[in-house]
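Going by the working numbering, the sequence shown opens with residue 25, and the numbers climb by one from there.
Ideal placement from N, C-alpha and C gives every residue a C-beta, glycine not left out.
All of these numbers come straight from a predicted model, not from anything done at the bench.
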Amino acid sequence: MKAAVCLGYGAPEKISVMDVPTPKIGKKDVLIKVMASSVNSGDVRVRGLIADPITRTALRMVLGVTKPRKPILGVALAGEVVSVGSDVSLFKVGDRVYAMTGMRFGGHGQYASLSEKSCMALKPQSASYEEAAVLPFGGTTAIHFLNKAGIKSGHDVMIYGASGAVGSSAVQVAKYLGATVTAVCSGRHAEKMVEIGAADVIDYKTDQFKAHTKQYDIIFDAVGKIKKGDVEKMLKSGGNFISVAGYGVASERKAFLNLLNQMYEEGQLKAVIDRTFALEDIVAAHTYVDLGVKTGNVAITINHD
25 MKAAVCLGYG
35 APEKISVMDV
45 PTPKIGKKDV
55 LIKVMASSVN
65 SGDVRVRGLI
75 ADPITRTALR
85 MVLGVTKPRK
95 PILGVALAGE
105 VVSVGSDVSL
115 FKVGDRVYAM
125 TGMRFGGHGQ
135 YASLSEKSCM
145 ALKPQSASYE
155 EAAVLPFGGT
165 TAIHFLNKAG
175 IKSGHDVMIY
185 GASGAVGSSA
195 VQVAKYLGAT
205 VTAVCSGRHA
215 EKMVEIGAAD
225 VIDYKTDQFK
235 AHTKQYDIIF
245 DAVGKIKKGD
255 VEKMLKSGGN
265 FISVAGYGVA
275 SERKAFLNLL
285 NQMYEEGQLK
295 AVIDRTFALE
305 DIVAAHTYVD
315 LGVKTGNVAI
325 TINHD
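Following this line, the structure appears as structure tokens:
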């Protein structure tokens, strides 16, 4: 099969599309014909081993010293089940699914093997494969951290970094759960933020953010760029600040995918896709994500010609 293989840590050019063996499945695994995936901040951080020096050393022990032990990156995918292990009961051949692959990675290949108990579910019927593939990473991360912050209906919630994969999902999830959402992002993304449910948009590049006086029940930093002290005056008494940086790793649960599925089918969740690349153009996709200017997600189409 064709796959994008990360041959070492560093620039996007460390990735090369080549022929590799199709993964084998165990008794409780399913083999997925991958139709689409995504390139997100998780993939970029692993490829570039992006972290502070101490964390980078620890990551090498987990991911691989000189290159990833799991060289086919891609933490999210959408596709069709083409084979199941003898003990599989939750999925069948022909099921159209979407999933978070987690530390198994593997989304950037024509086929992927996953445990039936992994963070995988039937994809929203009305979603294309590309749309389904970009939902899990940002969506499950947003649900995890908003739940951890104790979100409730009626809350005022600020999403900092609202235009990214996690942020754009968080805006929509928070609104769906009954919150009034303020999105903080570059002003050029304001129209999209209103379109997906933000009641207010603040341009972080202007004095508008520093001068902001409204207070919030939850402030969620979806990009890991600010600290609690930067926004403490904007928190209500008893309010919570939470960030994707330094507040634990997002859990991957099927229940989160089920919620995303429900939102999508009800028309309350949009897959925000900035650009779509073919697997053969994976280097260009990583290069674009590295720029830090995308709105929402970058999708990868995987052909089987």
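Within the DSSP secondary-structure output, residue 96 pairs in a beta bridge with 29.
A residue is called buried when at least 16 other Cβ atoms come within 10 angstroms of its Cβ; residue 134 meets this threshold and is buried. Out of 253, 209 and 196, the CA that lies nearest to the CA of residue 232 is found in 209. Uninterrupted beta strand (DSSP E) stretches at least 3 residues long and entirely within the region 242 to 295 occur at 259 to 267, given in chain order.
Scanning its chain for C-beta atoms nearer than 6 Å, with the 5 sequence neighbours on each side dropped, one finds around residue 187 the residues 209, 213 and 319, in chain order. In this structure residue 228 is not in contact with residue 180, their Cβ atoms being roughly 18 Å apart against a cut-off of 8 Å.
Within the same chain, Cβ atoms closer than 7 Å to the Cβ of residue 174 are found at 264, the five residues on either side in sequence being excluded. In the three-state reduction of the DSSP assignment, residue 301 falls in the strand class. If you look at residue 234, you'll find it isn't in any beta strand (DSSP E); it sits in the alpha helix (DSSP H) that goes 231 to 234.
Residue 51 and residue 117 have their alpha carbons spaced roughly 14 Å apart. Assignment of residue 227 by DSSP, reduced to helix, strand and coil, places it in the strand class.
Taking all protein chains in view, the Cβ of residue 196 is crowded by 16 or more other Cβ atoms within 10 Å, so the residue is classified as buried. A direct Cα-to-Cα measurement between residue 136 and residue 312 gives close to 25 Å. Rounded to whole angstroms, the Cβ separation of residue 120 and residue 147 is 5 Å, and the two are in contact under 8 Å. For residue 56, the secondary structure class from DSSP, reduced to helix, strand or coil, is strand.
Residue burial is scored here from C-beta neighbours: residue 183 has at least 16 other C-beta atoms within 10 angstroms and is therefore classed as buried. Counting the other Cβ atoms within 10 Å of the Cβ of residue 156 gives 16 or more, which makes it buried. Contact annotation: residue 159 and residue 151 have beta-carbon atoms nearer than 9 Å.
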